[in-house]
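One structure below.
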Amino acid sequence: MSVERSPCGTWASPITAEMVAAGDGRPGFLGTVGGELWWTEPRPAEGGRRALVRRRGDGSTESVLPEPWNVRNRVHEYGGTPWVGRMTGDGPLVVFSNFDDQRLYVFEPDSGREPRPITPEPRFPSGLRWCDMGFAPGRDEVWAVLEEFTGKRSTQLRRVLAAVPLDGSAAEDRAAVRELTDDAYRFTTGPRISPDGTAVAWIAWNHPDMPWDETELRVATVTSGGAFKDVRTVAGGGGESVPQAEWAPDGTLIAASDRTGWWNLYRIDPGSGETVELYPAEEEFAGALWTIGSRWFQVLDDGRIATVHGRGESVLGVLDPDLGAMSGVAGGPWTDWAPSLLAQGDTVFGLAAGPDRTYEIVACDTVTGEVRIVGEPHADPVDPAYYPEPEHRTFTGPGGREVHAHVYPPRNPDFAAPAGELPPYVVWVHGGPTSHVRAALDLELAYFTSRGIGVAEVNYGGSTGYGREYRERLREQWGVVDVEDCAAVARALAEEGTADGSRLAIRGGSAGGWTSAASLASAAAEGLYACATIKYPILDLSGWLGDATHDFESRYLHTLIGPVDEVPERYRERSPVNHAGRISAPFLLLQGLEDAICTPAQSERLLERVEGRGIPHAYLAYEGEQHGFRRASTIVSAVLAEHALYARVFGFEAPAGAALEWRA
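Using the numbering used here, the letters of the sequence shown correspond one by one to residues 1091 to 1754.
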């Protein structure tokens, strides 16, 4: 096959925006009901809802809840585990959170009956939220995280662990809900019940800490009446983060803690609090607790521990704590495992992906080493030759610090750049910012690389995966270190002759939107980027405090910027909206109108400041979208709009259907 020489950005590609939308999101929240595997699945074509999927014993799968049921909750706004199930004499029984009203429902899919609510209607819309449920030992109820709004403002709320009877009595009478803990802690995960049902453990923390700053592992004895007594902290506090804990068969707790600077695994005696480190390593065995119910490890019936671990990566291993030995799993094309592990006997189920495949549900027999796909198998919508191949690189930032990134050169089997032409490159900035990006197939990224536009995904200082010291580079330095690290990668690619230095761009959503906007307004990146795509961003720090955002992150800036009462000038100086005069590059701004985390007011404020300054920009606001886009129509629109921005700035033809209304 002959290869056509054509300018970068003009290459014809079979990867469409519709393919990007159809493949958006990944399965999640694996669980078992009897011997069956169940999970939730994104449905962009169905309004972005999450379907509940059942895998029967014969391997067939089916969605057990039709539209409009949406198995998702808004606890912390980011949500947590939204369902739990068990097998009864009459078949499966599932308790799930429905997104539209945030109530818990009981559903028996084999009964032919509709789901019935078991929690009351909230006093305020969506004001009673539930997640991370577990069936109470010996009782006909579920125990769960309850997030209850006590007023209309975003921070007027409380969180406790609560018991909800399955008989539906609480649907009519709030008094039927039994609160198991008090609200002395602002945040809590769901209960983990000991194998014999006599004890319970959970994780709690308070403002201004985020869960990667400091948490406490709490335990209690469960009385015969289903109450908690002898409540105490057995780990955490004092600047230690414990993001996950699970019971071992012998009644001890296995927990991840970063007390050494890395999230390693420990065995904890719940009575004495005695702690033993199981496998010291400069690797991460857990991560940032953005989603309640995240599972980086699972304890097997024989006491071994299946765990996702790595340094800047996440592979699956099995730890024998008695021997202190770690073994890998056999083969497979997967290079990234999500924090969604599930153990059943000797088998571990997980979500795994690689540079050439999206997330699949994989089963690993930890005795034989056999690995097989059991759900959501990847299917190539196009020839994989159009997928980009990541280069894992470490760059040098200011002061000689390391900056980690995945670099994706343009790749298309049908096209190559004309002799002497360097490709444009876009720096992709992940959200969080206490998060990371993994090298897994992303059709949105492939959409651009297959058209001749390179991408560099940067795990800037502050990202997880490289230990606490790397993570804390961003402490009081947000808007500085992230901007500098992204700029260092972009400049290095240009200086080494990989990228065209006159055709560099930056893009990101949420905290990535912040870094993208801050880069346009910062002296550290002055004149570097030719344009930017800014999605559902934070732009005004003074407008992202307290009731101006959601409760979970309402004090996040305390560590990212500094205490506002001590450094108010820093909040003004770092905010891109206050430096609209420094912005000279064209930009595209994308916003969900129902976003409770980064509200439309943030975007509107920037638009007001740049109006009439002669800066070409376009703004698209989407009805019905929250933080992150889930609807197929929105995703298609956003991809085409970003493509149109690059076409305008880099000098090639815009895609069909992507007309933008440019302002200046």
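The beta-carbon is built from N, C-alpha and C at its ideal position, and this holds for glycine as well.
Can you give me the C-alpha to C-alpha distance between residue i and residue j, rounded to a whole angstrom?
{"i": "Leu1432", "j": "Trp1233", "result": "19 Å"}
{"i": "Asn1668", "j": "Thr1623", "result": "19 Å"}
{"i": "Ser1201", "j": "Glu1157", "result": "18 Å"}
{"i": "Ser1331", "j": "Arg1219", "result": "25 Å"}
{"i": "Ala1536", "j": "Asp1190", "result": "33 Å"}
{"i": "Met1223", "j": "Arg1672", "result": "49 Å"}
{"i": "Glu1364", "j": "Glu1136", "result": "50 Å"}
{"i": "Ala1748", "j": "Ala1728", "result": "9 Å"}
{"i": "Asp1816", "j": "Gly1393", "result": "No information on residue 1816 is available, as it lies outside the stretch 1091 to 1754 that the chain covers here."}
{"i": "Arg1597", "j": "Leu1409", "result": "39 Å"}
{"i": "Leu1730", "j": "Asp1655", "result": "43 Å"}
{"i": "Tyr1756", "j": "Ala1443", "result": "Here the chain has residues from 1091 to 1754 only, and residue 1756 is not among them."}
{"i": "Gly1522", "j": "Arg1593", "result": "27 Å"}
{"i": "Leu1307", "j": "Thr1100", "result": "55 Å"}
{"i": "Val1385", "j": "Gln1334", "result": "The sequence as given places Arg at residue 1385; Val does not occur at that position. Taking the straight line from one Cα to the other gives about 7 Å."}
{"i": "Thr1437", "j": "Gly1175", "result": "19 Å"}
{"i": "Gly1316", "j": "Val1497", "result": "53 Å"}
{"i": "Gln1064", "j": "Leu1355", "result": "Residue 1064 cannot be examined here, being either before or after the span of the chain that is shown, 1091 to 1754."}
{"i": "Ala1638", "j": "Pro1360", "result": "40 Å"}
{"i": "Thr1588", "j": "Phe1742", "result": "20 Å"}
{"i": "Glu1562", "j": "Gly1552", "result": "6 Å"}
{"i": "Lys1242", "j": "Ala1345", "result": "36 Å"}
{"i": "Arg1203", "j": "Phe1197", "result": "8 Å"}
{"i": "Gly1569", "j": "Trp1295", "result": "26 Å"}
{"i": "Leu1735", "j": "Val1154", "result": "41 Å"}
{"i": "Pro1508", "j": "Pro1500", "result": "13 Å"}
{"i": "Glu1450", "j": "Asp1148", "result": "18 Å"}
{"i": "Ala1761", "j": "Arg1528", "result": "As shown, the chain starts at 1091 and ends at 1754. That puts residue 1761 outside it, with no answer to give."}
Give the C-beta separation of residue i and residue j to the nearest angstrom, bearing in mind that I take them to be a contact with Cβ-Cβ under 8 Å.
{"i": "Val1165", "j": "Glu1237", "result": "5 Å"}
{"i": "Gly1170", "j": "Gly1383", "result": "5 Å"}
{"i": "Thr1278", "j": "Thr1311", "result": "Contact flag wrong, Cβ pair sits at about 18 Å."}
{"i": "Gly1755", "j": "Trp1128", "result": "Here the chain covers residues 1091 to 1754 and nothing more, so residue 1755 does not appear."}
{"i": "Glu1663", "j": "Ala1708", "result": "Between Ala1708 and Glu1663 the Cβ distance is about 27 Å, and since that is not below 8 Å, they are no contact."}
{"i": "Pro1207", "j": "Ala1261", "result": "5 Å"}
{"i": "Asp1455", "j": "Pro1514", "result": "About 46 Å; that fails the 8 Å criterion."}
{"i": "Gly1407", "j": "Gly1557", "result": "Wrong, their Cβ atoms sit about 18 Å apart, outside the cutoff."}
{"i": "Glu1374", "j": "Thr1554", "result": "7 Å"}
{"i": "Val1548", "j": "Val1519", "result": "6 Å"}
Quick one: is residue i buried, meaning 16 or more other Cβ sit within 10 Å of its Cβ, or exposed?
{"i": "Pro1503", "result": "exposed"}
{"i": "Leu1683", "result": "exposed"}
{"i": "Met1177", "result": "exposed"}
{"i": "Asp1641", "result": "buried"}
{"i": "His1526", "result": "buried"}
{"i": "Asp1303", "result": "buried"}
{"i": "Pro1467", "result": "exposed"}
{"i": "Pro1104", "result": "exposed"}
{"i": "Gly1138", "result": "buried"}
{"i": "Ala1595", "result": "buried"}
{"i": "Asp1348", "result": "buried"}
{"i": "Glu1479", "result": "exposed"}
{"i": "Ala1265", "result": "exposed"}
{"i": "Thr1448", "result": "buried"}
{"i": "Gly1115", "result": "buried"}
{"i": "Arg1095", "result": "exposed"}
{"i": "Thr1425", "result": "buried"}
{"i": "Ser1430", "result": "buried"}
{"i": "Arg1721", "result": "buried"}
{"i": "Val1093", "result": "exposed"}
{"i": "His1482", "result": "exposed"}
{"i": "Ala1746", "result": "exposed"}
{"i": "Arg1645", "result": "buried"}
{"i": "Arg1146", "result": "exposed"}
{"i": "Gly1328", "result": "exposed"}
Please report whether the beta-carbon of residue i lies at a distance below 8 Å from any beta-carbon of chain C.
{"i": "Leu1618", "result": "Any reference to chain C falls outside this structure, which holds one protein chain only."}
Can you list, in chain order, the stretches of the beta strand (DSSP E) that have 3 or more residues and sit fully within the region 1524-1608?
1544-1549 and 1594-1599
Evaluate contact between the region 1624-1634 and the region 1593-1611, counting only Cβ atoms and requiring at least three cross-stretch pairs below 8 Å.
yes
Counting Cβ pairs, one atom from each stretch, are 3 or more of them under 8 Å apart for the region 1559-1577 and the region 1383-1397?
no
Taking contact to mean at least 3 C-beta pairs separated by less than 8 Å, is the region 1643-1651 in contact with the region 1250-1263?
no
Three-pair Cβ contact test at 8 Å for the region 1117-1133 versus the region 1533-1550
no
Whole beta strand (DSSP E) elements within the region 1303-1383, 3-residue minimum
1306-1312, 1318-1326, 1334-1337, 1343-1347, 1354-1358 and 1365-1367
Could you name each continuous alpha helix (DSSP H) segment of 4 residues or more that falls completely within the region 1170-1249, going from the start of the chain to the end?
none
Please give the ranges of any beta strand (DSSP E) in the region 1450-1485, keeping only runs that are unbroken, at least 3 residues long and fully inside the region.
1461-1465
At least 3 beta-carbon pairs within less than 8 Å: the region 1450-1461 vs the region 1480-1494:
no
With a floor of 4 residues, list each alpha helix (DSSP H) that falls wholly inside the region 1674-1721, ordered by position along the chain.
1690-1700
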